[in-house]
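Asker: Once you've had a glance at the structure underneath, I'll fire off some questions.
Number of protein chains: 2
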Amino acid sequence: MTELGAEACSKALKSAGITMNEVEALFCSHSFGGRVVGQRILRFLGTRGIPVINLENACAGGSSAINMAWAAVASGQYQTVIALGVEQMSRGLIPPNADNYEAALGLTLPAKYAMRAKRHMKLYGTTEKQLALVAVKNTENGSLNPYAKNQIPLTLEQVLAARMIAEPLTLYQCTGNADGAAAVVITSKRRGNNQVRIRASVLGSGRYTSIKDEGLSADDELARRVGKLAYELAGVGPEDIDLAEVHDAFTIGEILAYENLGFCPVGEGGRFVEEGQSKRNGRLAVNASGGLIARGHPLGATGVAQACEVFWQLTKQAGERQVERARVGLTHTAGGATPNIGSGACVVSIFSI
Amino acid sequence: MTELGAEACSKALKSAGITMNEVEALFCSHSFGGRVVGQRILRFLGTRGIPVINLENACAGGSSAINMAWAAVASGQYQTVIALGVEQMSRGLIPPNADNYEAALGLTLPAKYAMRAKRHMKLYGTTEKQLALVAVKNTENGSLNPYAKNQIPLTLEQVLAARMIAEPLTLYQCTGNADGAAAVVITSKRRGNNQVRIRASVLGSGRYTSIKDEGLSADDELARRVGKLAYELAGVGPEDIDLAEVHDAFTIGEILAYENLGFCPVGEGGRFVEEGQSKRNGRLAVNASGGLIARGHPLGATGVAQACEVFWQLTKQAGERQVERARVGLTHTAGGATPNIGSGACVVSIFSI
Numbered sequence: 065m066t067e068l069g070a071e072a073c074s075k076a077l078k079s080a081g082i083t084m085n086e087v088e089a090l091f092c093s094h095s096f097g098g099r100v101v102g103q104r105i106l107r108f109l110g111t112r113g114i115p116v117i118n119l120e121n122a123c124a125g126g127s128s129a130i131n132m133a134w135a136a137v138a139s140g141q142y143q144t145v146i147a148l149g150v151e152q153m154s155r156g157l158i159p160p161n162a163d164n165y166e167a168a169l170g171l172t173l174p175a176k177y178a179m180r181a182k183r184h185m186k187l188y189g190t191t192e193k194q195l196a197l198v199a200v201k202n203t204e205n206g207s208l209n210p211y212a213k214n215q216i217p218l219t220l221e222q223v224l225a226a227r228m229i230a231e232p233l234t235l236y237q238c239t240g241n242a243d244g245a246a247a248v249v250i251t252s253k254r255r256g257n258n259q260v261r262i263r264a265s266v267l268g269s270g271r272y273t274s275i276k277d278e279g280l281s282a283d284d285e286l287a288r289r290v291g292k293l294a295y296e297l298a299g300v301g302p303e304d305i306d307l308a309e310v311h312d313a314f315t316i317g318e319i320l321a322y323e324n325l326g327f328c329p330v331g332e333g334g335r336f337v338e339e340g341q342s343k344r345n346g347r348l349a350v351n352a353s354g355g356l357i358a359r360g361h362p363l364g365a366t367g368v369a370q371a372c373e374v375f376w377q378l379t380k381q382a383g384e385r386q387v388e389r390a391r392v393g394l395t396h397t398a399g400g401a402t403p404n405i406g407s408g409a410c411v412v413s414i415f416s417i
Numbered sequence: 065m066t067e068l069g070a071e072a073c074s075k076a077l078k079s080a081g082i083t084m085n086e087v088e089a090l091f092c093s094h095s096f097g098g099r100v101v102g103q104r105i106l107r108f109l110g111t112r113g114i115p116v117i118n119l120e121n122a123c124a125g126g127s128s129a130i131n132m133a134w135a136a137v138a139s140g141q142y143q144t145v146i147a148l149g150v151e152q153m154s155r156g157l158i159p160p161n162a163d164n165y166e167a168a169l170g171l172t173l174p175a176k177y178a179m180r181a182k183r184h185m186k187l188y189g190t191t192e193k194q195l196a197l198v199a200v201k202n203t204e205n206g207s208l209n210p211y212a213k214n215q216i217p218l219t220l221e222q223v224l225a226a227r228m229i230a231e232p233l234t235l236y237q238c239t240g241n242a243d244g245a246a247a248v249v250i251t252s253k254r255r256g257n258n259q260v261r262i263r264a265s266v267l268g269s270g271r272y273t274s275i276k277d278e279g280l281s282a283d284d285e286l287a288r289r290v291g292k293l294a295y296e297l298a299g300v301g302p303e304d305i306d307l308a309e310v311h312d313a314f315t316i317g318e319i320l321a322y323e324n325l326g327f328c329p330v331g332e333g334g335r336f337v338e339e340g341q342s343k344r345n346g347r348l349a350v351n352a353s354g355g356l357i358a359r360g361h362p363l364g365a366t367g368v369a370q371a372c373e374v375f376w377q378l379t380k381q382a383g384e385r386q387v388e389r390a391r392v393g394l395t396h397t398a399g400g401a402t403p404n405i406g407s408g409a410c411v412v413s414i415f416s417i
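Note that the protein sequences, when read in sequence, are chains C and X.
With the working numbering, letter number 135 in the first sequence gets 199, and the count goes up by one each step, no holes.
With the working numbering, letter number 331 in the second sequence gets 395, and the count goes up by one each step, no holes.
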């Protein structure tokens with residue numbers, strides 16, 4: 065795992081054209097790496113004694129690292145830092161939190177998202193086909209991404225015919241465990257054109273209500289609230305977003321994100337994907353990287369990987385999956401959505417050239 | 065564990081005379097709590113959706129939370145935040161980091177500190193008695209601390225006669241696992257006299273060298289470097305410190321801290337404790353709380369507990385263990401000192417009335 069993290073840092077430094085000597089602090093996100101993970105990774109890079117913060121926010125850990133790093137640079141505390149996410153999930157099962165009684169009784173994340181999907185279908189007439197089309201689109205995008213874990217595009221028939229995990233979500237509609245790392249350099253210095261601007265980054269946590277009120281709802285108060293703040297801070301609206309990397313841990317998650325982030329009206333997320341509006345060449349390219357479903361979901365690394373994709377897209381380095389009109393990009397990650405705490409963490413960040 | 069954390073937050077809020085409604089963010093330190101620990105704790109307090117950062121820096125996690133919280137308030141990002149540390153270690157063994165080969169081969173922390181002690185004895189003539197006197201002093205202090213895990217004062221004979229853990233360190237010279245939580249409110253608002261000033265907080269990580277160069281040395285470059293920066297930032301020197309809470313995970317650790325933080329010249333730490341200079345009524349009261357040895361060492365909570373003790377001492381709320389002349393206090397925590405990464409994290413913070 066330390067090797068993975070070091071590789072991501074090295075590549076980010078190379079892309080930014082700087083050396084470790086300019087880096088003043090490291091914000092390292094992971095959930096399962098053990099103690100002082102960032103320090104262990106710095107060893108590979110030649111530790112220089114800089115401050116290291118290891119942080120955890122479940123699936124939103126990587127984007128929380130970006131949020132923290134951005135705040136530290138924006139406030140003038142540092143000029144140049146690295147936000148790193150790293151996770152190795154291939155070596156064992158994820159242990160549930162000891163006090164997550166709902167999960168122990170069966171209300172795991174796939175079950176919860178499945179119920180959200182069922183609710184959405186009932187309320188708005190969303191179809192199984194529409195859900196599956198998210199996976200079709202994202203695996204097609206992933207097939208063009210050399211960093212994706214799953215590079216085989218799937219047909220609608222394959223997605224629908226796959227093994228059922230939690231009705232209506234089939235295997236290919238659920239992200240799987242993955243190993244991975246991603247890093248970005250965040251700096252207040254102007255360094256030429258290989259750079260994008262972070263217009264806003266907002267972190268929020270859920271308001272605990274109850275399973276009945278929130279856990280099984282098709283609504284996501286947290287994403288709406290955090291997204292609204294991010295738009296305000298960035299001075300843009302959903303209509304300005306050219307591409308977005310959103311939290312499609314399950315296909316319904318992406319459909320909910322369309323709605324909660326204002327890409328389409330509530331209830332029309334299914335139609336949005338079916339009409340091809342979220343395709344790479346659609347109105348608003350969503351998960352051009354392949355998303356969590358195809359690129360993979362190494363928990364603490366995901367949010368940083370999303371930012372990498374937006375960086376590549378905005379700087380026209382996305383190769384075959386390049387989105388043509390890519391001037392403003394958004395990332396959205398949701399984490400720790402165990403029912404017994406309502407929602408955990410959510411980060412929305414907005415970037416522009 | 066969530067209950068422990070919630071209790072600490074509630075008590076800190078009560079002490080500060082504010083409600084959760086004024087708290088804008090939570091910095092939550094732990095090493096073994098699982099995912100989204102801070103959010104789970106907020107549930108008990110009535111979650112309001114504020115940003116939560118869960119962070120890990122091994123034994124220095126709690127003081128890293130204070131460091132981050134202070135930076136966030138000092139930079140104007142927030143006005144009022146909580147820094148919380150929480151750990152429950154009674155429910156199982158601590159799993160070693162998977163890549164810590166030295167520990168797997170026997171170079172665990174007790175062994176490492178024991179070798180540092182042996183080195184100190186050889187270089188400077190430090191005695192077993194001097195080492196043991198640290199535990200005598202700290203258990204005496206702990207016996208006056210209602211929050212201490214070990215409240216029984218030990219005699220020199222008891223400490224020396226205890227079971228040998230790693231020569232020359234006997235059982236009572238090593239901190240044990242503990243459950244615990246501690247919280248502080250950090251605010252830029254003036255709120256009367258029940259408040260102390262954070263004059264400085266500096267976080268650093270080690271410079272990897274090799275076991276030969278650093279791991280077994282009696283020196284601690286990291287603590288000296290971080291301490292020096294903290295003194296500069298605070299505009300004070302070691303001679304101004306009235307009391308200090310330092311990282312006595314093992315008795316030799318406290319002796320090294322005296323020297324590395326400039327309380328006494330290098331090599332004279334043994335004499336410093338033997339002469340009673342670090343007693344509560346000595347020249348510079350060290351670990352008036354009982355330190356890690358008597359108060360206990362719930363990993364991620366320790367750094368915050370140190371700050372609580374300094375707060376109580378500076379505001380004359382330390383009861384029977386009150387240090388008379390308490391105007392400037394210092395905390396020092398070292399974490400993640402596994403040999404294969406040199407040293408991990410170290411935080412030194414300085415507080416004054």
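Cβ coordinates follow ideal geometry from the N, Cα and C atoms, glycine included.
Here the structure is a predicted model, which is why all the values come from computation and not from measurement.
Could you tell me whether the Cβ atoms of X/Met153 and X/Asn241 are closer together than 9 Å?
Answerer: Here residue 153 of chain X refers to the residue found at position 89 when the second sequence is read from its first residue. Here residue 241 of chain X refers to the residue found at position 177 when the second sequence is read from its first residue. Cβ distance < 9 Å, so X/Met153 and X/Asn241 count as in contact.
Asker: In the DSSP assignment, find the unbroken beta strand (DSSP E) run with C/Asn118 in it and report its ends.
Answerer: Your numbering for residue 118 of chain C matches position 54 in the first sequence. Where C/Asn118 is concerned, the enclosing beta strand (DSSP E) stretches over 116–120.
Asker: Distance, Cα to Cα, X/Glu323 vs C/Val248?
Answerer: In the second sequence, the residue the question calls residue 323 of chain X occupies position 259. In the first sequence, the residue the question calls residue 248 of chain C occupies position 184. One C-alpha to the other measures close to 39 Å.
Asker: Would you be able to state if there are at least three C-beta pairs under 8 Å between the region 208–220 of chain X and the region 349–358 of chain X?
Answerer: Touching, yes, given that three or more Cβ pairs across the two stretches are closer than 8 Å.
Asker: Does the beta carbon of C/Thr111 sit closer than 9 Å to a beta carbon anywhere in chain X?
Answerer: Stepping through the first sequence from its first residue, residue 111 of chain C is reached at position 47. So, interface residue.
Asker: Using beta-carbon positions only, say whether C/Ala175 and C/Leu286 come within less than 9 Å of one another.
Answerer: Numbered from its first residue, the first sequence carries residue 175 of chain C at position 111. Numbered from its first residue, the first sequence carries residue 286 of chain C at position 222. Going by C-beta atoms, C/Ala175 is not nearer than 9 Å to C/Leu286.
Asker: Pull up the CB-CB distance for C/Ile114 and C/Ala89, whole angstroms please, since I reckon it's below 8 Å.
Answerer: Counting from 1 along the first sequence, the entry for residue 114 of chain C is found at position 50. Counting from 1 along the first sequence, the entry for residue 89 of chain C is found at position 25. Between C/Ala89 and C/Ile114 the Cβ distance is about 5 Å, and since that is below 8 Å, they are a contact.
Asker: Is X/Gly393 near X/Ile305, with beta carbons less than 9 Å apart?
Answerer: For the purposes of this step, residue 393 of chain X is taken as residue 329 along the second sequence, with counting starting at 1. For the purposes of this step, residue 305 of chain X is taken as residue 241 along the second sequence, with counting starting at 1. Yes, they are a contact pair.
Asker: Using only the heavy atoms of the ligand SAH, determine whether one of them is closer than 8 Å to the beta carbon of X/Gln341.
Answerer: Here there are no bound small molecules, and the ligand SAH is not part of this structure.
Asker: The region 346–378 of chain X: which residues have C-beta closer than 7 Å to a C-beta of chain C, in chain order?
Answerer: If the cut-off is 7 Å between Cβ atoms, the region 346–378 of chain X has nothing near chain C.
Asker: Assuming contact is defined by CB atoms lying nearer than 9 Å, are X/Asn205 and X/Asn345 in contact in what I supplied?
Answerer: Counting from one through the second sequence, the residue named residue 205 of chain X turns up at place 141. Counting from one through the second sequence, the residue named residue 345 of chain X turns up at place 281. No, they are not a contact pair.
Asker: For the region 307–332 of chain C, which residues have a CB atom closer than 7 Å to at least one CB atom of chain X, in sequence order?
Answerer: Correct list: empty, as no residue qualifies.
Asker: Taking 8 Å as the cut-off, does the region 154–168 of chain X touch the region 179–198 of chain X (at least 3 CB pairs, one atom from each stretch)?
Answerer: Too few Cβ pairs lie closer than 8 Å, so no.
Asker: Around the C-beta of C/Gly295, are 16 or more other C-beta atoms found within 10 angstroms, so that it is buried, or is it exposed?
Answerer: Taking the first sequence and counting its residues from 1, the one referred to as residue 295 of chain C is at position 231. Here the sequence assigns Tyr to residue 295 of chain C, which means Gly is not the residue at that position. C/Tyr295 should be labelled buried.
Asker: Let me know the alpha helix (DSSP H) ranges lying completely inside the region 267–334 of chain C, each 4 residues or longer, listed in chain order.
Answerer: Within the region 267–334 of chain C, the complete alpha helix (DSSP H) runs of at least 4 residues are 285–298, 315–324.
Asker: What does a CB cutoff of less than 7 Å around C/Leu293 pick up in its chain, not counting 5 residues either side in sequence?
Answerer: Reading the first sequence from its first residue, position 229 is the one you call residue 293 of chain C. Correct list, in chain order: Val266.
Asker: Just the Cα atoms here: how many angstroms apart are C/Ser252 and C/Thr219?
Answerer: Indexing the first sequence from 1 puts residue 252 of chain C at position 188. Indexing the first sequence from 1 puts residue 219 of chain C at position 155. Cα to Cα, C/Ser252 sits roughly 44 Å from C/Thr219.
Asker: Can you name the residues that DSSP bridges to X/Glu151?
Answerer: Translated into positions along the second sequence, residue 151 of chain X becomes position 87. Per DSSP, X/Gly244.
Asker: Roughly how many angstroms separate the alpha carbons of X/Arg389 and C/Arg261, rounded to a whole number?
Answerer: Residue 389 of chain X sits at position 325 when you count from the first residue of the second sequence. Residue 261 of chain C sits at position 197 when you count from the first residue of the first sequence. For X/Arg389 and C/Arg261, the distance between alpha carbons rounds to 51 Å.
Asker: Which whole-angstrom value is the C-beta distance of X/Ala181 and X/Leu195, which I expect to be below 8 Å?
Answerer: Counting from 1 along the second sequence, the entry for residue 181 of chain X is found at position 117. Counting from 1 along the second sequence, the entry for residue 195 of chain X is found at position 131. The Cβ separation is near 6 Å, so the contact holds.
Asker: For X/Val412, which residues from the same chain have a beta carbon less than 6 Å from its beta carbon, with the 5 sequence-adjacent residues on both sides left out?
Answerer: For this step, residue 412 of chain X is matched to residue 348 along the second sequence. Val266, Val290, Gly291, Ala294, His396.
Asker: Examine chain C for any beta-carbon lying closer than 9 Å to the beta-carbon of X/Ile52, and answer yes or no.
Answerer: No statement about residue 52 of chain X is possible, as the shown extent of chain X runs from 65 to 417 and does not include it.
Asker: Ordered along the chain, which non-local residues of its own chain (more than five positions away) have a Cβ less than 7 Å from that of X/Phe201?
Answerer: On the second sequence, position 137 is the one that residue 201 of chain X refers to. For the sequence presented, residue 201 of chain X should be read as Lys rather than Phe. Excluding sequence neighbours, X/Lys201 sits near Val337, Ser342, Lys343.
Asker: Does C/Leu220 come out as helix, strand or coil in the three-state DSSP assignment?
Answerer: If you number the first sequence from 1, residue 220 of chain C lands on position 156. Note: C/Leu220 maps to helix in three-state DSSP.
Asker: What did DSSP end up calling C/Gly125 once you bin it into helix, strand or coil?
Answerer: Translated into the one-based positions of the first sequence, residue 125 of chain C becomes position 61. Correct three-state label for C/Gly125: helix.
Asker: Could you list which residues in chain C have their beta carbon closer than 7 Å to that of X/Gly268, in chain order?
Answerer: Here residue 268 of chain X refers to the residue found at position 204 when the second sequence is read from its first residue. Within 7 Å Cβ-Cβ: Gly113, Pro115.
Asker: So is X/Pro159 in contact with chain C if we call contact Cβ pairs under 9 Å?
Answerer: Within the second sequence, residue 159 of chain X is the residue found at index 95, counting from 1. Output row for X/Pro159: interface = yes.
Asker: So, at 6 Å on beta carbons, what are the nonlocal neighbours of C/Glu86 in its own chain, with the 5 sequence-adjacent residues on each side left out?
Answerer: As a working note, residue 86 of chain C is residue 22 in the first sequence. Closer than 6 Å at the Cβ level, and outside the excluded window around C/Glu86, lie Thr144.
Asker: Using C-beta distances below 6 Å, list every residue in its chain close to X/Ile414, excluding the 5 sequence neighbours before and after it, in chain order.
Answerer: As a first step, residue 414 of chain X is located in the second sequence; it is residue number 350 there, counting from the start. Correct list, in chain order: Arg263, Ala264, Ala294, Ala298, Leu394.
Asker: Mind listing the chain C neighbours of X/Asp163? Cutoff is C-beta to C-beta under 8 Å, in chain order.
Answerer: As a first step, residue 163 of chain X must be located in the second sequence, where it is residue number 99. Residues of chain C passing the Cβ test: Met65, Thr66, Arg104.
Asker: So that I know if they touch, is there some Cβ in chain X lying closer than 9 Å to that of C/Pro169?
Answerer: To locate residue 169 of chain C, count along the first sequence from 1; it is residue 105. Checking the displayed sequence, the identity of residue 169 of chain C turns out to be Leu instead of Pro. False, the Cβ-Cβ gap to chain X never drops below 9 Å.
Asker: When the Cα atoms are used, what is the spatial distance from C/Leu173 to X/Asn209?
Answerer: Reading the first sequence from its first residue, position 109 is the one you call residue 173 of chain C. Reading the second sequence from its first residue, position 145 is the one you call residue 209 of chain X. Computed Cα separation, rounded: 44 Å.
Asker: By a C-beta neighbour count over all protein chains shown, 10 Å radius and 16 as the cutoff for buried, is C/Met228 buried or exposed?
Answerer: Within the first sequence, residue 228 of chain C is the residue found at index 164, counting from 1. Its Cβ having fewer than 16 others within 10 Å, C/Met228 is exposed.
Asker: Note down the Cα distance separating X/Arg335 from X/Gln222, rounded to an integer number of angstroms.
Answerer: The residue you call residue 335 of chain X lines up with position 271 of the second sequence. The residue you call residue 222 of chain X lines up with position 158 of the second sequence. Answer to the nearest angstrom: the Cα atoms are 20 Å apart.
Asker: Compare the C-beta of X/Gln141 with all C-beta atoms of chain C and state if any pair is closer than 9 Å.
Answerer: Position 77 of the second sequence holds residue 141 of chain X. Judged by the 9 Å Cβ criterion, X/Gln141 is in contact with chain C.
Asker: Considering only C-alpha positions, which residue in the set C/Gly97, C/Ile105, C/Arg99, C/Val100 is nearest to C/Ala72?
Answerer: For the purposes of this step, residue 72 of chain C is taken as residue 8 along the first sequence, with counting starting at 1. When each option's Cα is compared against that of C/Ala72, the closest is C/Ile105.
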